[in-house]
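A.B. asks:
Residue numbers (our numbering), protein chains in the order written: chain H, 1 to 392; chain Y, 1001 to 1392.
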């Protein structure tokens, strides 16, 4: 066993680059979070004053953070989970039985399917408009819900909408979705992995039953952590306490929440989420600036021969997918094949484009300074021109 | 919303103290892990070179780490989970149906029950010898398994033994347990939350079907992370790929492991686990020194009037529980009640004793230097004498 690789890997970090991978942008730690990390890195460091439940710890202020985070989201209560996927799984585990149906959008993240599969449920998809905009047809939730009910005699156990999807960065109509679900009597879960921590979600009306987010994707926190927010009426179902009892020992744990597996996220992820929280509260107010920055980025990218932004126009989110047939043609004739683009970008201090990928690319300039965005645009323009593509 | 509390809490750290809480000792980060933390704190920082599966990432060396960790444990393969509880839940979710029975020791951690409850299973306990040693009667797994089979016509879906329990720190006979389970045809899970990363587990014979551990409890890693190790024959059951397919989108994810919810632990926990791994490999070789240190600590503590170590004698693990009726009597007559002990220890630079608790106390001196252990002992002796208890 060569243990030296575990002594060396830290030196090979990519942190000095501008990373335009959309999954990375919202999880970059704040300076405050970095400081918190060093103080609370040790395994159970937040548990010094625990009296039995993580979410009730007063020092550090975890209990208060749960209240403030719920207020920030406009929801009644929250729990921190090991990621958005665990939050979805907890809700599905509580609400869905074997063979139940969940209705979800056809852009839903793969973890929506995997979480459903783990609890034995099936998924029925709501269509989108297809190429090039791929807008989820939110109105069709009504039809799909009706169809499920007709076929099975029961309504779906849950409906889920991906607020902003991870493929095209389209912003779906959450309020319309919740209205339809409420009318049909189906609990509504809004997957906000790409919106929580970026956009102000506190004014949604009507409120979804559940709102799920990601700490490492959107709240400037260490992985792995997520957020499960809910309306108060679901507390007894989704956060029910344990009812098992040891038949020999007589032990029981009525205060431990079954779907959370007791306590959830100690240490680094929760302290970084808390330390970054003032910054996150402040940055959601600047969301419109981010959208403007993204639109400028799209405009500049589309000056490159063949580049076309996919998904809704104009953009209402920083995650952008481009068709890039020009780069694909270059790749076909390049000795490095599709890797040329990755390598050319890296030479210019930019990473985050899937290595080898040139048919389409995904990128985000969220949280970058204007100078950085200009540098990214200049790099793409240069690479295009150096490889014989026109920049208008 | 007072956001200043999230700006201040880091300054109020308890890290400068000696922490004798047994859940804390094995999760103290190494200097190498602290360095890794700062480089890889950002949300998805390990995912720069991901081609679709976290456990196959080559840089940082996550794929190789999975192989090396399996070798270190003497098991066929491992996955990193969000904690030992998630590892148990994954196995139970794969192996147990609604109403199935899991046989577990009567000292099992509460998360064994909660994980069982989450998947709809029931738990039957194997007795222990009771006060003062509380040794699990491992031979009785045979009887309880037989009883379950007799009552239900089917054997239990799983048997679980807590290798070292969190209450008394008793080391249970894992090999005897596995032999019984194998003979009865029941899959055997060994919960090594308190042994993995402390003791060499590579020579167990026969091997359990599953071995579960904790990164933040025993492998000098950030929370939340755990280890699920298994024999190869279970791969297809517990690590099965997704078989759902989007009925509209046609998407499918056959390589994403359902029980893992796809990828598991990115960022801080896994990089700290990897950065600490060379140290952990080395420290398990020094386990006997730790046991000697613990026995000396017990001997010195028992010099205090009324103090008696609970659990097996002599100790074979660093987690120690003491009966402390003398401290309890002091508390009954002290203006600070049970908090006097906590406060007196803290004055001397020691934390980790449950505040308010004096009837029994739990402590560990794992990983402390001889000077630190002497300081802890001296503090207890002083506090005892200052409050009228004899120290022999």
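Ideal placement from N, C-alpha and C gives every residue a C-beta, glycine not left out.
Mapping DSSP to helix, strand and coil, what is residue 1370/Y?
C.D. replies: As a position in the second chain, residue 1370/Y is number 370, starting the count at 1. In this structure, residue 1370/Y counts as helix in the three-state DSSP scheme.
A.B. asks: My output table needs one value for residue 1240/Y: the three-state DSSP class, helix, strand or coil.
C.D. replies: As a working mapping, residue 1240/Y is identified with position 240 in the second chain. It is coil, neither helix nor strand.
A.B. asks: Tell me whether the segment 1238 to 1257 of chain Y and the segment 1003 to 1017 of chain Y touch, counting them as touching only if at least three CB pairs, one residue from each stretch, are closer than 8 Å.
C.D. replies: Because the criterion of three Cβ pairs below 8 Å is not met, the segment 1238 to 1257 of chain Y and the segment 1003 to 1017 of chain Y do not touch.
A.B. asks: Examine the Cβ distances between the segment 165 to 173 of chain H and the segment 301 to 320 of chain H and report whether three or more of them are shorter than 8 Å.
C.D. replies: With the cut-off at 8 Å, the segment 165 to 173 of chain H and the segment 301 to 320 of chain H touch.
A.B. asks: Listing by chain order, which chain Y residues have their CB less than 7 Å from the CB of residue 346/H?
C.D. replies: Counting from 1 along the first chain, the entry for residue 346/H is found at position 346. Here the premise fails: no neighbours, minimum Cβ distance about 10 Å.
A.B. asks: Can you find the residues in the same chain that come closer than 7 Å, C-beta to C-beta, to residue 1231/Y, ignoring five residues on each side of it along the sequence?
C.D. replies: Counting from 1 along the second chain, the entry for residue 1231/Y is found at position 231. So the qualifying residues of the chain are 1075, 1076, 1207 and 1209.
A.B. asks: Quick check on residue 1365/Y: buried or exposed, where buried means 16 or more other Cβ atoms within 10 Å of its Cβ?
C.D. replies: In the second chain, the residue the question calls residue 1365/Y occupies position 365. Residue 1365/Y should be labelled buried.
A.B. asks: What is the residue span of the beta strand (DSSP E) that residue 1320/Y lies within?
C.D. replies: Locating residue 1320/Y in the second chain gives position 320, where the first residue counts as 1. Segment 1320 to 1323, the beta strand (DSSP E) holding residue 1320/Y.
A.B. asks: Just list the residues that DSSP pairs residue 1430/Y with in beta bridges.
C.D. replies: Past the edges of chain Y, shown from 1001 to 1392, lies residue 1430/Y, and the structure says nothing about it.
A.B. asks: Within 10 angstroms of the Cβ of residue 187/H, are there 16 or more other Cβ atoms? Answer buried if so, exposed if not.
C.D. replies: What you label residue 187/H is simply residue 187 of the first chain in a count that begins at 1. Flag for residue 187/H reads buried.
A.B. asks: Out of 199/H, 145/H and 160/H, which one is the CA nearest neighbour of residue 154/H?
C.D. replies: Numbered from 1 along the first chain, position 154 holds the residue referred to as residue 154/H. Residue 145/H is the option with its Cα nearest to residue 154/H.
A.B. asks: Mind pulling the beta strand (DSSP E) runs of 3 or more residues that sit fully within the segment 123 to 209 of chain H?
C.D. replies: Counting only runs of 3 or more, we get 158 to 162 and 188 to 191.
A.B. asks: Ignoring anything shorter than 3 residues, give me the beta strand (DSSP E) runs that lie fully in the segment 267 to 353 of chain H, in order along the chain.
C.D. replies: Counting whole runs of 3 or more residues, the segment 267 to 353 of chain H contains the beta strand (DSSP E) stretches 308 to 310 and 320 to 323.
A.B. asks: Based on the DSSP output, what are the partners of residue 1362/Y in its beta bridges?
C.D. replies: As a first step, residue 1362/Y must be located in the second chain, where it is residue number 362. Looking at the DSSP assignment, residue 1362/Y forms a beta bridge with 1321/Y.
A.B. asks: For a contact meaning CB atoms closer than 8 Å, what does residue 1392/Y contact in chain H?
C.D. replies: Counting from one through the second chain, the residue named residue 1392/Y turns up at place 392. Those within 8 Å of residue 1392/Y in chain H number zero; the least Cβ separation is about 32 Å.
A.B. asks: Can you tell me which of 1017/Y, 1048/Y and 1033/Y puts its alpha carbon nearest to the alpha carbon of residue 356/H?
C.D. replies: Within the first chain, numbered from 1, the residue matching residue 356/H stands at position 356. Residue 1048/Y is the option with its Cα nearest to residue 356/H.
A.B. asks: Where does residue 79/H fall in DSSP's three states?
C.D. replies: As a position in the first chain, residue 79/H is number 79, starting the count at 1. DSSP places residue 79/H in strand when its eight states are reduced to three.
A.B. asks: Starting from the Cα of residue 1184/Y, find the closest Cα among 1221/Y, 1259/Y, 1327/Y and 1139/Y and give me that residue.
C.D. replies: To locate residue 1184/Y, count along the second chain from 1; it is residue 184. Ranking the options by Cα distance to residue 1184/Y, first place goes to 1139/Y.
A.B. asks: Quick one: what does DSSP say residue 18/H is sitting in, helix, strand or coil?
C.D. replies: Mapped onto the first chain, residue 18/H falls at position 18. Three-state DSSP puts residue 18/H in a strand.
A.B. asks: For the candidate residues 1151/Y, 1115/Y and 1106/Y, whose alpha-carbon lies nearest to that of residue 1163/Y?
C.D. replies: Locating residue 1163/Y in the second chain gives position 163, counting from the first residue. Considering only alpha carbons, the answer is 1106/Y.
A.B. asks: Nearest chain Y C-beta to residue 213/H closer than 8 Å, yes or no?
C.D. replies: Sequence index remark: in the first chain, residue 213/H carries index 213 (1-based). By this cut-off, residue 213/H is not an interface position.
A.B. asks: So with Cβ pairs under 8 Å, would you call residue 31/H a contact of chain Y?
C.D. replies: Counting from one through the first chain, the residue named residue 31/H turns up at place 31. For residue 31/H, the answer is no, since every Cβ of chain Y falls outside 8 Å of its Cβ.
A.B. asks: Can you pull the chain H neighbours of residue 1028/Y, defined as C-beta to C-beta under 8 Å?
C.D. replies: By 1-based counting over the second chain, the position of residue 1028/Y is 28. Chain H residues near residue 1028/Y: 42 and 43.
A.B. asks: Quick one: measure Cβ to Cβ for residue 1109/Y and residue 1223/Y, integer angstroms, because I've assumed they're closer than 8 Å.
C.D. replies: Counted from its first residue, the second chain places residue 1109/Y at position 109. Counted from its first residue, the second chain places residue 1223/Y at position 223. No, residue 1109/Y and residue 1223/Y are not in contact; Cβ-Cβ is about 16 Å, not under 8 Å.
A.B. asks: Tell me which same chain residues have a C-beta within less than 6 Å of the C-beta of residue 65/H, skipping the five on either side of it?
C.D. replies: For the purposes of this step, residue 65/H is taken as residue 65 along the first chain, with counting starting at 1. Here the set comprises 274.
A.B. asks: Is it buried or exposed, residue 1333/Y, if we count other Cβ atoms within 10 angstroms and call 16 or more buried?
C.D. replies: The residue you call residue 1333/Y lines up with position 333 of the second chain. By the neighbour-count rule (16 or more Cβ atoms within 10 Å), residue 1333/Y is not buried but exposed.
A.B. asks: Between residue 1384/Y and residue 1358/Y, how many whole angstroms is the CB-CB distance? I'm expecting something under 8 Å.
C.D. replies: Position 384 of the second chain, counted from the first residue, corresponds to residue 1384/Y. Position 358 of the second chain, counted from the first residue, corresponds to residue 1358/Y. Actually they are not in contact, since the Cβ atoms of residue 1384/Y and residue 1358/Y sit about 12 Å apart, beyond 8 Å.
A.B. asks: May I have a chain-ordered list of the alpha helix (DSSP H) segments no shorter than 4 residues that lie completely inside the segment 1035 to 1086 of chain Y?
C.D. replies: If we require 4 residues or more, the alpha helix (DSSP H) runs fully inside the segment 1035 to 1086 of chain Y come out as 1062 to 1073.
A.B. asks: What's the gap between the Cα of residue 1073/Y and the Cα of residue 1/H?
C.D. replies: In the second chain, the residue the question calls residue 1073/Y occupies position 73. In the first chain, the residue the question calls residue 1/H occupies position 1. Rounded to whole angstroms, residue 1073/Y to residue 1/H spans 13 Å at the Cα level.
A.B. asks: What in chain Y is Cβ-close to residue 71/H, meaning under 7 Å?
C.D. replies: Residue mapping note: residue 71/H aligns to position 71 of the first chain, counting from 1. Chain Y residues near residue 71/H: 1001.
A.B. asks: Using the Cβ count rule (16 or more neighbours within 10 Å means buried), how would you classify residue 1293/Y?
C.D. replies: Residue 1293/Y sits at position 293 when you count from the first residue of the second chain. Classification of residue 1293/Y: buried, given that the 10 Å Cβ count is 16 or more.
A.B. asks: Does chain H have any CB closer than 8 Å to the CB of residue 1358/Y?
C.D. replies: Mapped onto the second chain, residue 1358/Y falls at position 358. Closer than 8 Å: no.
A.B. asks: Are the segment 1112 to 1124 of chain Y and the segment 1086 to 1098 of chain Y touching by the rule of at least three beta carbon pairs closer than 8 Å?
C.D. replies: Touching, yes.
A.B. asks: Look at the alpha carbon of residue 1325/Y and the alpha carbon of residue 1301/Y, and state the distance between them as a whole number of angstroms.
C.D. replies: The residue labelled residue 1325/Y in the question sits at position 325 within the second chain. The residue labelled residue 1301/Y in the question sits at position 301 within the second chain. So the alpha carbons of these two residues sit roughly 13 Å apart.
A.B. asks: In the segment 1213 to 1229 of chain Y, which residues sit with their C-beta less than 9 Å from some C-beta in chain H, listed in chain order?
C.D. replies: Residues 1214, 1215, 1216, 1217, 1218, 1219, 1220, 1221, 1222, 1223, 1224 and 1225.
A.B. asks: Using a threshold of 8 Å, state whether the C-beta atoms of residue 29/H and residue 214/H are closer than that.
C.D. replies: The sequence position of residue 29/H within the first chain is 29, counting from 1. The sequence position of residue 214/H within the first chain is 214, counting from 1. Going by C-beta atoms, residue 29/H is not nearer than 8 Å to residue 214/H.
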